[in-house]
Amino acid sequence: MTLELRHVSKRVGAEMYIYESSLEFREDGFNILLGTTLAGKTSLMQLMAGLERPTSGEIWFGGKNVTGVSVQKRNVSMVHQQFINYPNFSVFENIASPLRVARLARAEIDRRVGEVSEMLRLTPMLDRRPSELSGGQQQRTALARALAKDSDLVLLDEPLANLDYKLREELRDELPRLFRDRGCTVVYATSEPTEALLLGGYTATMHEGRITQFGETATVYRQPADLLSAQVFSDPPINTATVTKQNGRFVLSEAVSWPVSGNQEALRDGRYAVAIRPHHVTPFAQEKNDVRIEGRVLVTELSGSESVVHFDLGGQTWISQSHGIHAFEVGASASFHVDTGQCMYFGDDNELLAA
Amino acid sequence: MATKTQNSRAWLFVLPVVVLVAFNALIPLMTVVNYSVQETFGDNVFFWEGVKWFEQVLHSERFHASLLRQLMFTSIILMIEVPLGVAIALSMPKKGIGVSVCLVLMALPLLIPWNVVGAMWNIFALPDIGLLGRMINGLGIDYNFTQQPGAAWFTTILMDVWHWTSLVVLLAYAGLRSIPDAYYQAAKIDGATPWAVFRFIQLPKMKRVLTIAILLRFMDSFMIYTEPFVLTGGGPGNTTTFLSIDLVKIALGQFDLGPAAAMSLIYFLIVLLLCWVFYTLMMRHEAQ
Chain W
22 MTLELRHVSK RVGAEMYIYE SSLEFREDGF NILLGTTLAG KTSLMQLMAG
72 LERPTSGEIW FGGKNVTGVS VQKRNVSMVH QQFINYPNFS VFENIASPLR
122 VARLARAEID RRVGEVSEML RLTPMLDRRP SELSGGQQQR TALARALAKD
172 SDLVLLDEPL ANLDYKLREE LRDELPRLFR DRGCTVVYAT SEPTEALLLG
222 GYTATMHEGR ITQFGETATV YRQPADLLSA QVFSDPPINT ATVTKQNGRF
272 VLSEAVSWPV SGNQEALRDG RYAVAIRPHH VTPFAQEKND VRIEGRVLVT
322 ELSGSESVVH FDLGGQTWIS QSHGIHAFEV GASASFHVDT GQCMYFGDDN
372 ELLAA
Chain E
484 MATKTQNSRA WLFVLPVVVL VAFNALIPLM TVVNYSVQET FGDNVFFWEG
534 VKWFEQVLHS ERFHASLLRQ LMFTSIILMI EVPLGVAIAL SMPKKGIGVS
584 VCLVLMALPL LIPWNVVGAM WNIFALPDIG LLGRMINGLG IDYNFTQQPG
634 AAWFTTILMD VWHWTSLVVL LAYAGLRSIP DAYYQAAKID GATPWAVFRF
684 IQLPKMKRVL TIAILLRFMD SFMIYTEPFV LTGGGPGNTT TFLSIDLVKI
734 ALGQFDLGPA AAMSLIYFLI VLLLCWVFYT LMMRHEAQ
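These protein sequence lines are chains W and E, in that order. In short: position in the first sequence from 1, add 21, done, that's the numbering used here. In short: position in the second sequence from 1, add 483, done, that's the numbering used here.
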């Protein structure tokens, strides 16, 4: 069954939570809502679940208009960022609770709880209470409840955000596998671009209550529709600057310019916004389309295998991300290399013109 | 050797606390212990009596009667104040200007000195000039709390409920507010009834604050003195003479210091024991 938002908007008082948006979610993979906090991911999910009514527009599910249908009648399940379980129920009772409300036969409840607790490796903990479990186990219990219910629509609202790094990786691998072949639509909200890429499927980028782009995750990443989508889908933040196209070259500053190539030749002369992801800006020379830029180093973050350097480029903060450990002196000038073949050019309305 | 020097210096920092506890708890308590095992006729002359006073108090019918009254009073006010407090907390607004209005209104009774509460209710309930007393009599019910034991109990309990339910409300409200919205959403998605939300989400989440509320109300009501003393003076007869009123009568009215000291200690141990039982029962799941 497909979930479709038709011209949906949500306003509370004078504040727009969701600007008019239309979207048709897919069943053959995760639908990821990607955006920072306050981008409207949770508000949109509450509209989808039926916890809130849209101010305007309609929500269609499985070919039916469900806009005014209450949440209890929609067969939805939701997993939140916080670990939400009934505090004085055992893990078994927690997983079984929606099934008990649905008045399923005891044998069927036992079968379903047994099945999902096996999948989520909760079988040894079925008699414990949530307070006796680790965070990962508590969230697995909440996930098990959502799975056992066999809903048509599963909403996962940043379910891994409160878990530590290792558990997050583990569950992130498991999640797509758990929901595969279940015939349900899965919507997954996250604020981390990396998580969206790892989960695959489809991604909708969100910014301040608007859906800026929707498509296959890899496509949205590679071909952002506009600068906002590119910014939402980049971690560390994407580098931007203004360039002028003249005489067959893009001119960044007096010293820095590079030749126009491919579909960029169709662009008229004038000013454009250019964006390039941090991993295409490196301290060492690029293999092709190499252009050297100079900047003053502001911050360096050295992790075990990666160097992230923030530097000032003509008043803009740019970020370089590269493999290996590269030493920089904060405050000193340093040179970086840009692979101009990876640059994306945006027009006056921030729409993508050429890449 | 080095660690030993450090240890003895650390004692210096503990000393202020030791002195404070000694002066406000240990020394007064030991004085009471001292009186409870001796007889004195003044002039600092003491005679050893052993456990005689304890035996006397424990066998006294008067003590049994006040203990029974005390237990009854405490159980009644707990049974009224805890459910009522939770009910009021549940019906209070969750956001908007109503929150502060309700909180201030709730906090008001708690700000009034205890003897003032007693005096207020005394005048309020007087059958001839009090608003409440006149009203009840106006309804055709014969009501005079200075003469009828039932009316005296009714007024005392009403006063305590008026004075102290707010405490339960404030604690329960704080407990309710700490439940994330996501719990209610999850319950809604599960299709849980309002009763199920209360029983399986709100009540368990309020358990800790309610334990504190019950303990505080238990201790305070078990040691209640000022309000009933000002309201009824323990009367009519002895019908509202609770443990602490009785204790003061023995200690200061009759000046029987030995029995009064023994009674104080027994009283103290009862409060301690009941608190411990309460707490252990309420927290037995957490302990596992």
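Beta carbons are placed, not taken as given, at the ideal position from N, Cα and C, and that holds for glycine.
Query: Secondary structure of A126 (chain W), DSSP reduced to three states; Result: coil
Query: Cα-Cα separation between E25 (chain W) and M99 (chain W), rounded to whole angstroms; Result: 18 Å
Query: Closest by C-alpha distance to I672 (chain E), when choosing among W:Y38, W:L68, W:R150 and W:V33; Result: W:L68
Query: R767 (chain E) - DSSP class collapsed to helix/strand/coil; Result: helix
Query: Within chain W, partners of D673 (chain E) - CB distance below 7 Å; Result: S118, P119 and V122
Query: Rounded separation between Q771 (chain E) and P180 (chain W) - CA only; Result: Note that Q771 (chain E) scores 49 on pLDDT, short of 50, meaning its location in the model is unreliable and no value can be drawn from it.
Query: Simplified DSSP state of R289 (chain W), which is helix, strand or coil; Result: coil
Query: Where F751 (chain E) falls, given that 16 or more other Cβ within 10 Å makes a residue buried; Result: exposed
Query: DSSP-derived helix/strand/coil call for E195 (chain W); Result: helix
Query: Residue-chain proximity (I105 (chain W), chain E), Cβ-Cβ < 8 Å; Result: yes
Query: Inside the region 55–93 of chain W only - beta strand (DSSP E) runs reaching at least 3 residues; Result: 77–82
Query: Where L26 (chain W) falls: helix, strand or coil (DSSP); Result: strand
Query: Minimum Cβ-Cβ distance from L147 (chain W) to chain E less than 8 Å; Result: no
Query: Proximity test, Cβ basis, 8 Å: A655 (chain E) and chain W; Result: no
Query: Classification of M555 (chain E) by the beta-carbon crowding that lies within 10 angstroms, buried from 16 upward; Result: exposed
Query: Against chain E: residues of the region 91–104 of chain W by CB proximity under 9 Å; Result: S91, V92, Q93, K94, R95, V97, S98, M99, V100, H101, Q102 and Q103
Query: Residues of the region 58–83 of chain W with Cβ closer than 8 Å to any Cβ of chain E, in chain order; Result: Q67, A70 and L72
Query: Under 8 Å between C-beta atoms of R317 (chain W) and F332 (chain W); Result: yes
Query: Sequence-distant residues of its chain with Cβ nearer than 6 Å to Y366 (chain W) (five each side left out); Result: Y293, V295, L374 and A375
Query: Beta-bridge partners of I314 (chain W), as assigned by DSSP; Result: W:F357
Query: Limits of the alpha helix (DSSP H) - the one that R660 (chain E) falls within; Result: P632 to R660
Query: Where R95 (chain W) sits in the DSSP three-state scheme; Result: coil
Query: 6 Å Cβ shell around D311 (chain W) - same chain, five flanking residues per side excluded; Result: H358
Query: For E372 (chain W), the residue or residues it bridges with in DSSP; Result: W:D247
Query: Under 8 Å between C-beta atoms of T715 (chain E) and R552 (chain E); Result: no
Query: Alpha-carbon spacing of E564 (chain E) relative to T144 (chain W), whole angstroms; Result: 43 Å
Query: Local conformation of Y366 (chain W) per DSSP, three classes; Result: strand
Query: For R231 (chain W), the residue or residues it bridges with in DSSP; Result: W:H228
Query: Pairwise C-alpha distance: Y186 (chain W) and R193 (chain W); Result: 10 Å
Query: Three or more C-beta pairs below 8 Å linking the region 244–259 of chain W and the region 72–82 of chain W; Result: no
Query: Classification of L65 (chain W) by the beta-carbon crowding that lies within 10 angstroms, buried from 16 upward; Result: buried
Query: Contact under 8 Å by Cβ, Y762 (chain E) with L698 (chain E); Result: yes
Query: 6 Å Cβ shell around F628 (chain E) - same chain, five flanking residues per side excluded; Result: A608, A634, A635 and T638
Query: Any chain W beta carbon closer than 8 Å to P782 (chain E); Result: Coverage of chain E is limited to positions 484 through 771, which leaves residue 782 (chain E) absent and any answer about it impossible.
Query: Paired residues, beta bridge with T261 (chain W) - DSSP; Result: W:A296
Query: Members of the region 746–763 of chain E near chain W, C-beta cut-off 9 Å; Result: none
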